[in-house]
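Heads up: the structure comes next, in structure tokens.
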Amino acid sequence: MWDAVVVGGGLAGWIAGIRAAQRGKKVLLVTEGVGTLFYFSGIFDYGDIEGLRHLPKHPYTLFNSEDIAQGQHFVQEICPEYIINETPQSAFTVLGTVRQGDLMPRSMILPDRQEQGRFVLLVPEGLKDFFPEVVMTNMAREFPGWQVSAKRMRVDALAEWVKLGKSVSSIDYSAIWRSEEGQRVLAHEIEEIKRQYQVGNKPQEKIIVVLPSLVKEYVDFSRTKPCIEEFSLPVLEMSSFVPSPHGRYFAEYLKHRFTDLGGELMIGARAVSLNQESPSENKARTCQEVIVNSKGKSLCLKGKKFILATGGLLGGGIKVGMARKSIHEGVFDLPLFVPKEWSEPQFFASQPFAQIGVETDELMRPLDPERGEVVWDNVHVVGRMLAHWDPWTQRCGGGVSVTSGYAAAELV
Ligand SMILES: Cc1cc2nc3c(=O)[nH]c(=O)nc-3n(C[C@H](O)[C@H](O)[C@H](O)COP(=O)(O)OP(=O)(O)OC[C@H]3O[C@@H](n4cnc5c(N)ncnc54)[C@H](O)[C@@H]3O)c2cc1C
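Per the UniProt record's numbering: the sequence shown = residues 1 to 412.
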């Protein structure tokens, strides 16, 4: 029997699994896919924490400031390149606009706007969905005191591919930058930039190279060297776009952290239902095991605690049929909060369907919204599966997932 079975391998599930394993617990993580890490920009958004804690039933109301800070420090502990600051920091998006965020890697943080200098945008040949002219215009608008120029570059390993007219994805380029060949190409390009702009005796201009698809952090433990060496000029990462290289390497990295701590893993496995102890009257039920379909087999996995991190509507944890009544949570069949109206005509407004999820008590145990009673006493619900929040308009997706995942692991 496991101390905890975590169902779902998105951000919330990995954080819960890693923390529980770090606490010496015997943990199994069962997941069908990678979840919304596929879209992860590389930046953790926490939103206006104090403001959101005043919203009735928002997940942040389940936690105090210390719980939230503990989750943030845990991210920093497992990803030492991430910086916690009192105020939000800023990074370039892949459009050259500026985006704020609460926890981001050191190599993404923008310099002070009041300073002066030059950004040199490296433009990799054939990079899909990357528009250098737009990026440069936006960068110049955001940093009026700075010069912005571009340098096109090619990587021999991809030349044939580009010649055939095929575009190269952000994921492909990020793999190149992390390879030895990529590092050589970058070192060469950066030396050329240095020669071009830092010439003669004129006072040296501050130069920052900006490179899309670069992911410096999430070091593979088996390596003795960092993924990206230091170059002769500072190199700034841009936040990721879909498919997200940051998400790809972060997911891989979380998996390694978890298994290195002794966590057990079932990937490509779907939890479908559960077995329970015989319920007694007036008492929350106890789940004994979840039933998981994996490689054509059905397995019963016993646990003392279960952490449900299946990600709500987008993650696949909530199923919606053609008729509205067919909405349901797919493992424990938990009662869901479902607003009367699902959508709001204004496209960019907060959409009511975002609030769909499971209501819980302060220990994140699922509640029956009508009776206010705990439904399962050894199940904790985390991340996007929680009700009453909206990661898009409230910009707190990473914050809620990390905080709840970490807090659930403390209860194992
Ligand atoms: C487009 C987009 C971009 C975002 N960008 C950012 C960002 O840049 N910064 C930020 O802070 N937040 C961002 N967020 C929000 C944030 O990523 C999410 O709130 C958060 O990742 C949710 O994590 P989760 O672990 O709860 O769910 P998910 O990431 O959805 O993971 C759910 C997991 O459960 C698995 N699963 C589902 N059902 C089962 C089952 N029955 N059995 C086994 N496994 C199952 C899925 O395969 C998946 O692995 C973004 C969200 C979206 C949609």
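Every residue, glycine too, gets a C-beta built ideally from N, C-alpha and C.
Under the three-state DSSP convention, the category residue i falls into
| i | result |
| --- | --- |
| Pro366 | strand |
| Val375 | coil |
| Ser294 | strand |
| Thr36 | helix |
| Trp342 | coil |
| Ser273 | strand |
| Gln288 | strand |
| Glu50 | helix |
| Ile356 | coil |
| Ile208 | strand |
| Gly303 | strand |
| Ile318 | strand |
From the options, residue whose alpha carbon lies closest to that of residue i
| i | options | result |
| --- | --- | --- |
| Val272 | Phe40, His328 and Gln196 | His328 |
| Gln394 | Gly51, Thr31 and Gly8 | Gly51 |
| Gly145 | Arg195, Glu192, Arg152 and Ile207 | Ile207 |
| Ala323 | Trp342, Gly311, Phe306 and Gly316 | Trp342 |
| Ile83 | Val382, Pro234, Ser107 and Leu95 | Ser107 |
| His246 | Lys163, Met385 and Glu217 | Glu217 |
| Phe250 | Arg365, Tyr39 and Gly8 | Tyr39 |
| Arg270 | Glu344, Arg248, Phe258 and Gly9 | Gly9 |
| Arg384 | Leu37, Lys166 and Val412 | Leu37 |
| His188 | Lys166, Phe231, Gln198 and Pro212 | Phe231 |
| residue 433 | Ser174, Trp389, Gly182 and Val379 | Outside the displayed span of the chain (1 to 412) sits residue 433, for which this structure offers no information. |
| Asp48 | Trp392, Leu214 and Asp377 | Trp392 |
| Tyr173 | Trp376, Lys163 and Arg154 | Arg154 |
| Ser170 | Asp156, Leu214 and Thr137 | Leu214 |
| Ala407 | Val375, Met364 and Trp389 | Met364 |
| Arg248 | Gln183, Val162 and Val219 | Val219 |
| Val162 | Gly126, Ala150, Lys340 and Val185 | Gly126 |
| Ile190 | Leu211, Val382, Asn85 and Gly321 | Leu211 |
| Glu252 | Ser41, Trp14, Trp2 and Ala4 | Trp14 |
| Glu86 | Val98, Glu77, Val412 and Asp102 | Asp102 |
| Arg152 | Ile43, Arg178, Leu122 and Ala16 | Leu122 |
| Pro369 | Met266, Val338, Leu254 and Glu142 | Val338 |
| His256 | Val7, Pro366 and Gly17 | Gly17 |
| Pro56 | Leu411, Gln355, Val168 and Val374 | Gln355 |
| Val135 | Leu95, Gln147 and Tyr46 | Leu95 |
| Ala12 | Cys79, Gly315 and Ser167 | Gly315 |
| Ile78 | Gly165, Arg19, His388 and Pro124 | Arg19 |
| Gln22 | Asn275, Glu373, Gln351 and Leu254 | Leu254 |
| Ile43 | Val412, Gly398 and Phe348 | Gly398 |
Start-to-end residues for the beta strand (DSSP E) that takes in residue i
| i | result |
| --- | --- |
| Trp389 | From DSSP, Trp389 is part of no beta strand (DSSP E); its letter is neither H nor E. |
| Leu158 | No beta strand (DSSP E) holds Leu158; the alpha helix (DSSP H) holding it covers Asp156 to Lys163. |
| Asp3 | Trp2 to Val7 |
| Ala150 | Trp146 to Met153 |
| Val27 | Val27 to Thr31 |
Host alpha helix (DSSP H) of residue i (start-end)
| i | result |
| --- | --- |
| Gly398 | Gly397 to Glu410 |
| Glu189 | Glu180 to Tyr197 |
| Ala21 | Leu11 to Gln22 |
| Glu264 | Run containing Glu264: none in the alpha helix (DSSP H); it sits in the beta strand (DSSP E), Glu264 to Ile267. |
| Leu314 | Gly312 to Gly315 |
| Asp333 | Looking at the DSSP string, Asp333 is not in any alpha helix (DSSP H), and its letter there is neither H nor E. |
| Ser350 | Counting along the chain, Ser350 falls outside any alpha helix (DSSP H), and DSSP gives it neither H nor E. |
| Ser169 | Where Ser169 is concerned, there is no enclosing alpha helix (DSSP H), given that its DSSP letter is neither H nor E. |
CB contact check: residue i to chain D, cutoff 8 angstroms
| i | result |
| --- | --- |
| Thr286 | This model lacks chain D altogether, as it is built from one protein chain only. |
* Can at least three beta-carbon pairs, one atom from the stretch 236 to 244 and one from the stretch 288 to 298, be found at a separation below 8 angstroms? -> no
* Run through the stretch 210 to 261 for me and flag every whole beta strand (DSSP E) of 3 or more residues, listed as ranges in chain order. => 235 to 237
* **Completely contained alpha helix (DSSP H) runs for the stretch 94 to 142, where each covers 4 or more residues** => 132 to 142
* Asked: Do the stretch 115 to 132 and the stretch 45 to 63 touch if we need at least three Cβ pairs shorter than 8 angstroms?
  -> no
* **Every unbroken beta strand (DSSP E) inside the stretch 61 to 97 [3 residues or more]** => 82 to 92
* **Touching by the beta-carbon criterion (3+ pairs, under 8 angstroms), the stretch 21 to 32 and the stretch 256 to 274** => yes
* Evaluate the contact criterion for the stretch 328 to 345 versus the stretch 33 to 46: three or more CB pairs, one atom per stretch, below 8 angstroms. => Per the Cβ contact rule, the stretch 328 to 345 is not in contact with the stretch 33 to 46 (fewer than 3 Cβ pairs under 8 angstroms).
* Asked: For the 8 angstroms Cβ check, are there 3 or more pairs between the stretch 127 to 135 and the stretch 66 to 84?
  -> Short answer: they don't touch.
* Assess, as a yes-or-no matter, whether the stretch 390 to 404 is touched by the stretch 71 to 87 under the definition of 3 or more beta carbon pairs within less than 8 angstroms. => yes
* Asked: Quick check: the stretch 287 to 294 against the stretch 357 to 370, are there 3 or more CB pairs under 8 angstroms?
  -> Segments in contact, no.
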